[in-house]
Amino acid sequence: MKLWSGRFTKNTDRFVDEFNASLPVDKYLYKQDIRGSIAHAKMLAKCAIITEEESKQIVEGLESILKEIEEGSFKFDISDEDIHMSIERALIEKIGPVGGKLHTARSRNDQVALDTRMFVKNAIIEIGAEIVTLQSELINIAQKEIETIMPGYTHLQRAQPVLFSHHMMAYFWMLRRDFNRLKGVFQRTDVMPLGSAALAGTTYPIDMEYVARETGFSKISNNSLDAVSDRDFILEFHAAASILMMHLSRLSEELVIWSSAEFSFIELDDAYTTGSSIMPQKKNADVAELIRGKTGRVYGNLMQLLTTMKGLPLAYNKDMQEDKEALFDSIETVKNCLIGMQGMISTMKINSEVMRQAAEGGFTNATELADYLVTKGVPFRDAHRIAGNMVRKAIEEGCWLTDFSIEEFQAESSLIDDDIYEFLDIGNAVRRRNMRGGTAPERVVEQIKKALKHLEKEKDWLQEKSGR
Ligand code: ARG
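Residues 93 to 560, numbered by this note's numbering, are exactly what the sequence shown covers, in order.
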């Protein structure tokens, strides 16, 4: 019999039992559900809504259910509909009718909001820790390859030489914003809704502050309708996760290109690549490709929930039960992708000589020639044209700019002297980009120093929040 069967004259159709049930998915909320229920039971006694003895029995019952679930001996039954009903039924079976007092002054609507908020907060801390690990790996490789020069690209055409360390650190800063976005989501998720009950609040003299303290929340909801109806905290989790995945996907794409024979800038470790069933020579960047591919799942999860929510009248609607599968999927996906990326980055081999040669070719120093003329007083537009002419000539003659004799340079502009060769050197080109955030080695060292400081703060935040 259902816990809510009072007003019904028939059993639920078996199809409806299965169609309606969220238990196979939301059973993963069991820890949060029990923690929330224990806090609620203690609060009910503290506010004299139930007796201390009743509360004690309920708490003990819940603790033993937690143990059973963790040991795997707990019997989940789909006709219980969801994790909240499963646990409540088991509690009543275990401790008798007093178990039926647990659901006083609450509803599954505020209960599920509480559980999900706890779950999201915990997920953000776990994902945050993986972000920090990946950021450390990026810093490690940047430090190891601090002076390695590669071609920087725009439109995937060689553009200007940059330091490989600078390129790796670009991802550090993207990940830092991802971390901060998730931190923002955490703050807005950190709002305790229990007591909002079904929608209107409750008549019992409850103590929401107490429950918030017991469940590790720093704030309490201000509107019971809002508290049970909105899933914007899950939406913005998906949104932050989507942006994070977009960053991982771009880095994955670079790893795929760089590890191709055409580029050969890096070699991914055997442990992070796979072979082909037919072509014996193949070593495929499957992990990178999967991260790129799984980005689509997370975007899809965001779109799914946005679409689910868009037409719902206040307050709770059963549509909202569809929020969890996608949420759990995004959390798992993001965590695994971060772990995969950490592995690839920490084990990949850098072919610094190939990178340097690529940077020497492709006229990555054409801007230098223009800048050189600017130092001689030529307006940048004219300098750009002169440099462009020389590039065209070089292409026609099948040489690089540095292969021109001084006479050939001077035929284009009499302002060019012998020092042009030093100016065109790609190492010097890199060193001259010495503004804040530039690719000059000392600037990259500077940003790594800053990055390390930020990383310490991120770790402190994680430490502080996970203690609660
Ligand atoms: N399993 C439900 C969900 O995840 C819990 C809330 C059910 N509330 C209700 N009024 N049927 O959304």
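All C-beta atoms in this analysis are idealised placements derived from N, C-alpha and C, irrespective of residue type, glycine included.
As the structure is a prediction and not an experimental result, all values here were calculated from the model.
Shown here for K468: same chain residues with a beta carbon closer than 7 Å to its own, the five before and five after excluded, namely L507 in chain order. Closest option to S368, judged by alpha-carbon separation, among D378, L360, E359: D378. Here the stretch 273-288 does not lie against the stretch 181-195, with fewer than 3 beta-carbon pairs under 8 Å apart. In the displayed model, R535 falls within a helix according to three-state DSSP. A Cβ-Cβ distance of about 14 Å is found for the pair E152 and K193, leaving them out of contact under the 8 Å criterion.
Where Q252 is concerned, the enclosing beta strand (DSSP E) starts and stops at 249-255. With a 10 Å radius around the Cβ and a threshold of 16 neighbouring Cβ atoms, I498 comes out exposed. Not one heavy atom of the ligand ARG falls within 7 Å of the beta-carbon of Y263. DSSP places V212 within a helical segment (H, G or I) once states are collapsed to three.
With contact defined as three or more Cβ pairs closer than 8 Å, the stretch 215-223 and the stretch 425-434 are in contact. With a cut-off of 7 Å, the C-beta of Y408 is classified as near the ligand ARG, since at least one heavy atom of the ligand falls inside that distance. Judged by DSSP secondary structure, M242 falls within the beta strand (DSSP E) whose first and last residues are 241-246. Within the same chain, and ignoring the five residues on either side of I150 in sequence, the residues whose Cβ sits closer than 6 Å to its Cβ are A133, L194.
S114 has its CB nearer than 7 Å to a heavy atom of the ligand ARG. Shortest gap from the CB of N393 to any heavy atom of the ligand ARG: 7 Å or more. Proximity of the beta carbon of M401 to the ligand ARG is not indicated: no heavy atom of the ligand is located closer than 7 Å. Fewer than three pairs of CB atoms, one per stretch, sit closer than 8 Å, so the stretch 470-478 makes no contact with the stretch 253-273.
In the DSSP assignment, the residues bridged to E359 are K441. The straight-line gap separating the alpha-carbon atoms of G244 and M447 is approximately 10 Å. Take the alpha-carbon of M401 and the one of D318: they are about 13 Å apart.
In this structure, the CA atom of K148 is about 56 Å from the CA atom of D362.
In this structure, the CA atom of A451 is about 9 Å from the CA atom of A251. Apart from sequence neighbours up to five positions away, the residues of its chain that approach E237 with a beta-carbon distance below 6 Å are F256, S257, I442, ordered along the chain. With a threshold of 7 Å, the Cβ atom of Q396 does not count as near the ligand ARG, since no heavy atom of the ligand is closer than that.
Around the beta-carbon of S341, 16 or more other beta-carbon atoms lie within 10 Å, marking it buried. Taking all protein chains in view, the Cβ of M337 is crowded by 16 or more other Cβ atoms within 10 Å, so the residue is classified as buried. Each residue's CA atom was taken as its position, placing G388 and A333 some 11 Å apart. A distance below 8 Å separates the beta carbons of I512 and Y464.
Per DSSP, the beta-bridge partners of V283 are K311.
H195 has its CB no nearer than 7 Å to any heavy atom of the ligand ARG. Counting C-beta pairs with one atom in each stretch, the stretch 291-300 and the stretch 350-364 have fewer than three that are closer than 8 Å, which means they do not touch.
Counting along the chain, A503 sits inside the alpha helix (DSSP H) bounded by residues 498-504. If you check the C-beta of K119 against the ligand ARG, you find no heavy atom less than 7 Å away. Restricted to the stretch 398-456, the alpha helix (DSSP H) segments that are unbroken, complete and at least 4 residues in length are 415-439, 444-452, listed in chain order.
Its chain contains H330, A333, V390, N393 as the residues whose beta carbon lies nearer than 6 Å to that of S422, once the 5 sequence neighbours on both sides are disregarded; these appear in chain order. Under the Cβ criterion (8 Å, minimum of three pairs), the stretch 225-239 does not count as touching the stretch 303-310.
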